[in-house]
Amino acid sequence: MGELILAEQGTASVPAATMVTLYDDGIGGLYKSSDDPSGVSCFGEYNIYRLGANGTAIGPGIADFYGPNSAIALGSGGVYMLEFYCWYTKTVAGAVTFTVTNTAVNTNMAASCIHSAGTGIQAMVSPLVCGSVTQTTATMAFMPTPSITTAVNNYAYINVVQEGSASTNVRLRATEGTGTITPLRGSYYTCRRLAAGTSVGTFVA
1 MGELILAEQG
11 TASVPAATMV
21 TLYDDGIGGL
31 YKSSDDPSGV
41 SCFGEYNIYR
51 LGANGTAIGP
61 GIADFYGPNS
71 AIALGSGGVY
81 MLEFYCWYTK
91 TVAGAVTFTV
101 TNTAVNTNMA
111 ASCIHSAGTG
121 IQAMVSPLVC
131 GSVTQTTATM
141 AFMPTPSITT
151 AVNNYAYINV
161 VQEGSASTNV
171 RLRATEGTGT
181 ITPLRGSYYT
191 CRRLAAGTSV
201 GTFVA
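Residue numbers (the working numbering): 1 to 205.
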């Protein structure tokens, strides 16, 4: 066991090569110093929203995938990573369009979507992949899926890194060309605020 050090903010004096926890006022986050050549590392703190039961059927008009009270509030000027894990079934064969919706415009948004084949996750075939980059609008819609088979389980993974210009609420929404979808129990998303800079750690050529 290492030595336990009690330090008052702004007055700490610790031995050389001691690993310490650092606080970044810029993001209100914690970092850990390290004797590893890779340098300091950030803690993996995040928020999570998960469905403990199947959701209510939504569609065909646009609606929140995780329900009407599932948006998360993000701070002004922050950089965030959101990861959405979606399982669902569909009534009436047809396309589904996923949309990331904010209440304020973004400085930049880069996003990707991986979706099971139109025949469902039971089939071991190539997934559907699409993405978007340099988006600055409040709303960003992915390309529609091909026609989804009725009553099979489907899966979508969506990753978003967004740089906000103002405080915003963000949510994942879905639109169906025909029929409805039912979000399934176990679907969830996480949100983590990233470092204010472009990197954390020591990187070399």
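We treat Cβ as the ideally placed atom computed from N, Cα and C, and that holds for glycine.
Taking just the CA atoms, how far does residue j sit from residue i?
{"i": "Ala-117", "j": "Val-161", "result": "25 Å"}
{"i": "Val-133", "j": "Arg-171", "result": "18 Å"}
{"i": "Phe-203", "j": "Gly-44", "result": "20 Å"}
{"i": "Gly-164", "j": "Ser-76", "result": "6 Å"}
{"i": "Thr-137", "j": "Pro-127", "result": "27 Å"}
{"i": "Arg-192", "j": "Trp-87", "result": "21 Å"}
{"i": "Ile-114", "j": "Val-129", "result": "5 Å"}
{"i": "Ile-121", "j": "Gly-39", "result": "40 Å"}
{"i": "Ala-104", "j": "Leu-74", "result": "10 Å"}
Tell me, please, which residues DSSP counts as bridged to residue i.
{"i": "Val-160", "result": "Leu-82 and Ala-111"}
{"i": "Gln-122", "result": "Answer by DSSP bridge pairing: none, since Gln-122 is not bridged."}
{"i": "Met-143", "result": "DSSP output for Met-143 lists no bridge partner at all."}
{"i": "Pro-183", "result": "Tyr-88"}
Tell whether a beta-carbon distance below 9 Å holds between residue i and residue j.
{"i": "Gly-179", "j": "Thr-91", "result": "yes"}
{"i": "Ala-174", "j": "Gln-135", "result": "no"}
{"i": "Phe-65", "j": "Ile-58", "result": "yes"}
{"i": "Asn-102", "j": "Thr-190", "result": "no"}
{"i": "Thr-168", "j": "Thr-139", "result": "no"}
{"i": "Ala-141", "j": "Thr-97", "result": "yes"}
{"i": "Gly-94", "j": "Pro-183", "result": "no"}
{"i": "Asn-154", "j": "Phe-84", "result": "no"}
Would DSSP call residue i helix, strand or coil?
{"i": "Tyr-66", "result": "coil"}
{"i": "Glu-45", "result": "coil"}
{"i": "Phe-98", "result": "strand"}
{"i": "Ala-196", "result": "coil"}
{"i": "Ser-132", "result": "strand"}
{"i": "Thr-168", "result": "strand"}
{"i": "Asn-106", "result": "strand"}
So, for residue i: in the same chain, excluding its five sequence neighbours on each side, which residues have a beta-carbon less than 6 Å away from its beta-carbon?
{"i": "Pro-146", "result": "Gly-118"}
{"i": "Ile-62", "result": "Arg-173 and Thr-175"}
{"i": "Pro-144", "result": "Ala-95 and Thr-97"}
Take residue i and list the residues in its own chain whose beta-carbon comes closer than 7 Å to its own, dropping the five residues that flank it on each side.
{"i": "Ser-70", "result": "Tyr-49, Asp-64 and Arg-171"}
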